[in-house]
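Right, one structure below, let's go through it.
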Amino acid sequence: MNPLPETHAPEYELYRSIGVVVWVSFVTAAIATALFFAIFDPLVIMGQATYPLDWSRTASYSVGFFLFWVLTSATGAMVAWLLATPIRSVNHLRQAYESDDDDAEGKS
Amino acid sequence: MSNKASPQPIQFYKQHEKVYPRETKGFFQRLRNITLLVLLGIYYFTPWIMWNGRQAILFDLPARKFHIFGLTMWPQDFFFLTLLLIMAGLSLFFFTALAGRLWCGYACPQTVWTDAFIWMERLVEGSRAQQMKLTKSPWTPEKIRKRVLKQVMWVSFSLWTGFTFVGYFTPIKELASVLWTFDASFWQLFWVLFYGFATYGNAGFLREQVCQYMCPYARFQSAMFDKDTLVIAYDEARGEPRMKGKKRNENADKAGDCIDCGLCVQVCPTGIDIRNGLQYECIACAACIDVCNEVMDSVGKPHNLVQYTTEATTEGRKTKILRLRIVIYASLLGALAIGFLIALMMRSSVQMDILRDRNALYKVISGNQIENTYNLKVMNKSHVDQRYQLVIEGLPDANVEMVNDRVVKAGEIANITVQVTVPKDKLVAASQTVHLKLSELEGDSPDSITEETRFFGPSQ
C-alpha cells in the first residue's frame, strides 16, 4: 500500500504546525518590538514602572522582544489549535446519528 | 527468511526524507553563485567599514541612534524606516509580477545561507551519491571524521554569522575584543548564540522545509502571478511522451525530447519534479534548466526543454511586459522612492514644536509693550551639542528673548521658553501670523527650521 505523497506522519504534522506558529509569530514580534521601542524609550518606562526595575536598554529590548514573541506565539498556537478542533462535539454527532437510526426503525 | 519471520510494518505516512541536491554547473548557477557571494560578502564585511573614525553602519540601539555613514537617525526619524519597509514590500510585489520568484532563487537569506551550508557539506562529504552512501554506511572512523568536520564547519560559520549580526548593533571591534577576553555582557553573548543557532537550524537543518511549510510568501505568490510572469517551466509539447532506454530505441519516431534521465529531480533543492508543472515548492533556482541543457547537449538536441518562460508564450501569444499591475507597482515604487529622497534631503537636523502659553493670550508690559510667551520643544537631531538662535519674522521691531537658553545635547529634547515683546503701535492686527526661525550655531553646516504661529495683541 503506497502512502499518499502528501500525507505525513501525525508527529511530523505537529512539528510543522509548531514551526509555522513559531516562525510567523517571530516575524510579527520583531515588527512589534521595533514599533514599540521606536516610540517608547525603555529607560523612561522603567522610571514609571509599578515595580522598580534596573535594566539596561539592551536588556529591556531583549526582554521586550521575547515577551512579544511569547504573546504572538501563544495567540498563534491557540488559533491553530482551535481551528483544527472539530466544530461539533463527537457526542453531538453520535446523538444525531442515533436519532436517524430511530426514525428508520420506526418507518419499517 | 528472517524477513518472513518479522514482517515490516506497513508505512501509511510519508517519512520526511532529506533532500540531497546534486551539484550543477551552468549559466544560471554561475549567476547565482556570484549573487550569493556578493550578498554574503556585503553581510560579513559591512560592519568592518569605518567612516570618520566610527563604524560606518551601526544601529546603536543602547544609545537609540542609527549611524549610516555621515547620517545619524533618531527614533523621531522612524518615518524613514517605515517608508523603506513599504518600498521593500512593493519591490517584492513588482519583481514577483515581472519575473516570478527571483527573490527566492537569488536573494532570500534562506536560500543564500542554505547554499553556503550545502557547499560546505559537499566540500567534506563529496557528491550527492557519496553523501547518500555515507548516510547509509555504518559509523566507521572515516564517517565519524567527515561528520565531525562538517559539524565543526557549520557551527563555526553559524557562530561567525551570529557575531556579525550583533556587530551591526554593537561596535564590532569592541565586540570582538570582549568576546576574545570572555568579557562580553550576557545579552551580547546571548544574541550571538541565538542568531548562530537560528542560522544553523534554518540553513543546516530545516532548509527547504522553511520554504515549503513556514514561508507565507511561497503561498501567496500566486496572487501576484499572471500569464505574463516569468516562470521556470518544462516544455511539455516538446518533451512528451518521455521515454528512455530500450523503449526509446524502439519508438524513436514517437518519442519526445525528454529522455527521462531524472536529473532535473536530482538537482532540485526542494525535491520536486518540474515536469509536473508550476508548484509552490519551486524556489526558481534554475538548477533544472542548467542540468537539462547539459543533457540536451549530450544527446544532440536543442536547449531549453526546461526554461524561463511565461504562460503566454506557452499558449503561443506574445508576452506583454507593460501590464496594468506592473505599471501600478512601478509608479507607486517610483513615487515613494522620489518622496523618500526628497524627504531625506530636506530632513532638518533640528525639530521644533511651538506651544503657545495657555495662561494668557498676551501681556501688557510698561504701558506700551505687548508680550507673547511661547514654549518651544526643540529636538537636537544633529550629532553635536547645539546652541540656538531664534528670530521672529513678520513682526518688525520685535524683541526675542529665550528665557532658559542653554546647550542642547545631541539627541536631546529641550523645552525652551521664549518671550516676544513688541511696541503696541507696531501691531497691525489683534492677531497676526508670524514665523519663528530657529538656527543652529554649532557644527559644520548649521541647519535651521521655520515654523508658523500667531502673535496676539489688544484689539485695534
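As you go down the protein sequences, you meet chains A and B in turn.
Per the numbering used here, the first sequence starts with residue 20, numbered consecutively.
Per the numbering used here, the second sequence starts with residue 32, numbered consecutively.
C-beta atoms are modelled at their ideal positions from N, C-alpha and C, and glycine is treated no differently.
A quick note: this is a predicted structure, and the numbers were derived from the prediction, not measured.
Within the 7 Å Cβ cut-off, does Met245/B reach chain A? Yes, because at least one Cβ of chain A sits closer than 7 Å to the Cβ of Met245/B.
Nearest-angstrom Cα distance between Met86/A and Thr171/B? Reading off the sequence, residue 86/A comes out as Leu, not Met. Annotation: Leu86/A to Thr171/B spans about 46 Å, alpha carbon to alpha carbon.
Three-way DSSP call (helix, strand, coil) for Thr201/B in this model: Residue state, collapsed to three classes: coil.
For the stretch 90-108 of chain B, list every residue whose C-beta sits within 7 Å of some C-beta in chain A, in sequence order. Listed by position along the chain: Leu92, Pro93, Arg95, Pro106.
Pick from Glu443/B, Arg61/B, Ala374/B that is closest to Ile320/B, judged by C-alpha positions: The residue with the shortest Cα to Cα distance from Ile320/B is Arg61/B.
Quick check on the DSSP output: the beta strand (DSSP E) that includes Met245/B runs from which residue to which? No beta strand (DSSP E) holds Met245/B; DSSP gives it neither H nor E.
If we define contact as Cβ-Cβ less than 7 Å, is Trp134/B a contact residue for chain A? No - not a single Cβ of chain A is within 7 Å of the one on Trp134/B.
Tell me whether His334/B is buried or exposed, calling it buried when 16 or more other Cβ atoms sit within 10 Å of its Cβ. Flag for His334/B reads exposed.
Whose CA, out of Leu133/B, Cys316/B, Leu68/B, Gly287/B, lies closest to the CA of Val296/B? Taking each of Leu133/B, Cys316/B, Leu68/B, Gly287/B in turn and checking the Cα distance to Val296/B, the smallest one comes out for Cys316/B.
Could you give the residue range of the alpha helix (DSSP H) that holds Met327/B? 318-329 is the span of the alpha helix (DSSP H), which, as asked, contains Met327/B.
Limits of the unbroken alpha helix (DSSP H) element including Asn307/B: Careful: Asn307/B lies outside any alpha helix (DSSP H) and carries neither H nor E.
Would you list the residues sitting across from Glu342/B in a DSSP beta bridge? Under DSSP, no beta-bridge partner is assigned to Glu342/B.
For Trp218/B and chain A, any beta-carbon pair shorter than 7 Å? For Trp218/B, a Cβ of chain A is located within less than 7 Å of the residue's own Cβ.
Alpha-carbon to alpha-carbon, Thr260/B and Ala138/B: For Ala138/B and Thr260/B, the distance between alpha carbons rounds to 18 Å.
Counterpart residues of Phe486/B in DSSP-defined beta bridges: Beta-bridge partners assigned by DSSP to Phe486/B: Gln463/B.
CA-to-CA distance, Asp266/B to Ser33/B, given in whole angstroms: Since pLDDT at Ser33/B reaches only 45, below the 50 mark, its modelled position is unreliable, and no value is offered.
Helix, strand or coil at Ser479/B according to DSSP, with G and I counted as helix: Look at Ser479/B here: in three-state DSSP terms it is strand.
On the three-pair Cβ rule with 8 Å, is the stretch 219-237 of chain B touching the stretch 183-197 of chain B? Counting Cβ pairs under 8 Å, three or more are found: they touch.
Interface partners of Ala57/A on chain B, CB under 8 Å: The contacting residues are Pro106, Phe109, Leu112.
Three-way DSSP call (helix, strand, coil) for Asn110/A in this model: Looking at Asn110/A - three-state DSSP - the assignment turns out to be helix.
Residues that Val43/A contacts on chain B, provided the C-beta gap is smaller than 9 Å: Going along chain B in sequence order, the residues near Val43/A (Cβ under 9 Å) are Met245, Pro247.
Taking just the CA atoms, how far does Gln463/B sit from Glu424/B? As the crow flies, the alpha-carbon of Glu424/B is around 11 Å from that of Gln463/B.
Excluding the five sequence neighbours on either side, which residues of its own chain have a C-beta within less than 6 Å of the C-beta of Tyr34/A, listed in chain order? So the list is empty, once near-sequence residues are dropped.
Where does Gln400/B fall in DSSP's three states? If DSSP states are grouped into helix, strand and coil, Gln400/B belongs with the strands.
Can you list the beta strand (DSSP E) stretches of 3 or more residues lying completely in the stretch 400-437 of chain B, in chain order? The qualifying runs are 400-411, 419-424, 430-433.
Could you confirm whether any beta carbon from chain B is found closer than 7 Å to the beta carbon of Ser81/A? When Cβ-Cβ separations below 7 Å define contact, Ser81/A makes contact with chain B.
Among the residues of its own chain, which have a CB less than 8 Å from the CB of Ile396/B, if the five just before and after it don't count? Hits under 8 Å: Glu402, Thr452.
C-alpha distance - Lys457/B paired with Lys394/B, whole-angstrom precision: Going from the Cα of Lys457/B to the Cα of Lys394/B covers about 15 Å.
Does the beta carbon of Arg107/A come closer than 7 Å to any beta carbon on chain B? With 7 Å as the cut-off, Arg107/A does not count as an interface residue toward chain B.
Is the beta carbon of Arg279/B closer than 7 Å to that of Ala492/B? Past the edges of chain B, shown from 32 to 491, lies residue 492/B, and the structure says nothing about it.
Quick check on Gly95/A - is its C-beta less than 7 Å from some C-beta in chain B? Any Cβ of chain B closer than 7 Å to the Cβ of Gly95/A would place that residue at the interface, and such an atom is absent.
Under 7 Å Cβ-Cβ, which residues of chain B neighbour Ala78/A? Simply Trp218.
Do the stretch 408-418 of chain B and the stretch 382-391 of chain B meet, that is, are 3 or more Cβ pairs less than 8 Å apart? Judged by Cβ distances under 8 Å, the stretch 408-418 of chain B makes contact with the stretch 382-391 of chain B, as three or more pairs qualify.
So the alpha helix (DSSP H) Pro71/A belongs to, where does it begin and stop? Judged by DSSP secondary structure, Pro71/A falls outside any alpha helix (DSSP H); it is assigned neither H nor E.
Buried or exposed by the 16-neighbour rule on C-beta atoms within 10 Å, applied to Ile106/A: By the neighbour-count criterion, in which a residue is buried when 16 or more other Cβ atoms sit within 10 angstroms of its Cβ, Ile106/A is exposed.
Going by the CB atoms, is the gap between Asp288/B and Leu336/B shorter than 7 Å? Yes, Cβ-Cβ distance for Leu336/B and Asp288/B is below 7 Å.
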